[in-house]
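Structure record follows, encoded as structure tokens.
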Amino acid sequence: DAGVTQSPTHLIKTRGQQVTLRCSPKSGHDTVSWYQQALGQGPQFIFQYYEEEERQRGNFPDRFSGHQFPNYSSELNVNALLLGDSALYLCASSSVSNEQFFGPGTRLTVL
Amino acid sequence: AQSVTQLDSHVSVSEGTPVLLRCNYSSSYSPSLFWYVQHPNKGLQLLLKYTSAATLVKGINGFEAEFKKSETSFHLTKPSAHMSDAAEYFCVVSEGNTPLVFGKGTRLSVIA
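Those protein sequences? They're chains V and L, same order as listed. The first sequence begins at 1 in the working numbering and counts up one residue at a time. The second sequence begins at 112 in the working numbering and counts up one residue at a time.
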């Protein structure tokens with residue numbers, strides 16, 4: 001079992017650009033959550049997807065959007081990038097047990 | 112709304128000595144509490160979780176935590192630190208199906 005995988009590992013963008021991050025959940029998991037971890041901070045919840053629908057959302061602007069595919073994989077899209085969007089983006093997958101398993105993250109740098 | 116406060120941003124211990132990482136929580140209902148560890152360039156790994164069963168929770172790698180409702184605390188301990196324990200530790204709270212709420216983290220350094 002490969003666990004939760006994320007791609008790419010690192011990404012550099014400039015202000016105003018758009019970015020797409022990808023996540024494949026652990027085998028058997030149907031729920032994907034995304035978190036933003038700024039430097040020196042704990043992860044903050046962005047949103048959660050289940051059955052291809054956004055089920056819960058944290059306090060993030062509409063520039064942050066997502067998608068879940070029929071195979072349960074997920075994408076996080078961020079439009080009009082700001083310097084403050086530079087962070088480690090973590091994906092977590094879970095199933096009925098609700099225990100979340102985290103991927104290694106994507107490090108996004110906005111210049 | 113629930114929240115957690117990790118009382119120390121950095122803890123340094125010598126190898127073989129006890130570890131204590133402190134966490135206080137705020138929750139309106141019966142919370143679920145977790146400790147996660149994050150090694151550099153690795154994902155978050157669950158150490159242990161409390162979900163209203165036994166108040167003393169044993170986790171992986173010799174860690175344990177005690178839920179104290181009267182003190183609203185959930186401190187993480189380990190009797191003897193190992194070099195491989197050096198990492199960032201996060202205390203986390205959740206209520207029912209609400210999203211995980213993380214503390215700011217405590218960096219544990221282990222000195223040889």
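Every residue, glycine too, gets a C-beta built ideally from N, C-alpha and C. Source: prediction; values computed, not measured.
For the beta strand (DSSP E) containing H29/V, name the first residue and the last one. Neither: H29/V is in no beta strand (DSSP E) and is coded neither H nor E.
Report back the beta-carbon spacing between E126/L and A192/L to the nearest angstrom; my notes put them in contact at under 8 Å. 6 Å
With distance defined between alpha-carbon atoms, name the residue in A80/V, C91/V, P8/V and G28/V nearest to F112/V. What is shown of chain V runs 1 to 111, which leaves residue 112/V out entirely.
Run through DSSP, which three-state label would S290/L get? Lying outside 112 to 223, the shown extent of chain L, residue 290/L is not represented and no answer is given.
Report yes or no: do three or more beta-carbon pairs, one from the segment 198–215 of chain L and one from the segment 143–162 of chain L, lie closer than 8 Å? yes
Just to make sure I have the definition right: I need the residues of chain V whose C-beta is within less than 7 Å of the C-beta of N135/L. Which are they? Per Cβ cutoff of 7 Å: no residues; N135/L is ~14 Å from chain V at best.
Are the beta-carbon atoms of L21/V and L83/V separated by less than 8 Å? no
Residue-level contact to chain L via CB, Q48/V, 8 Å cutoff: yes
K215/L versus chain V: which residues are under 9 Å apart at the beta carbon? G40, Q41 and G42
Can you give me the C-alpha to C-alpha distance between S24/V and H10/V, rounded to a whole angstrom? 16 Å
Chain V within 8 Å of K225/L, Cβ atoms only: In this structure chain L extends from 112 to 223, so residue 225/L is not present and cannot be described.
Spell out a yes or no on whether the segment 115–126 of chain L and the segment 26–37 of chain V are touching, meaning 3 or more CB-CB pairs, one atom from each, closer than 8 Å. no
Contacts around R15/V, its chain only, beta-carbon distance under 8 Å, and the 5 residues preceding and following it disregarded: L81, L82, L83, V110 and L111
Kindly list the residues whose CB is nearer than 7 Å to the CB of D85/V, restricted to its own chain and excluding five residues on each side of it in sequence; keep chain order. V78, L108 and V110
Listing by chain order, which chain V residues have their CB less than 8 Å from the CB of L131/L? Neighbours of L131/L on chain V: none; closest Cβ ~19 Å, over 8 Å.
Determine the extent of the beta strand (DSSP E) in which I171/L is found, giving its start and end residues. Neither: I171/L is in no beta strand (DSSP E) and is coded neither H nor E.
Residue environment, A87/V, which counts as buried when at least 16 other CB atoms sit within 10 Å: buried
Applying the 10 Å Cβ sphere with the 16-neighbour rule, what's the burial state of P129/L? exposed
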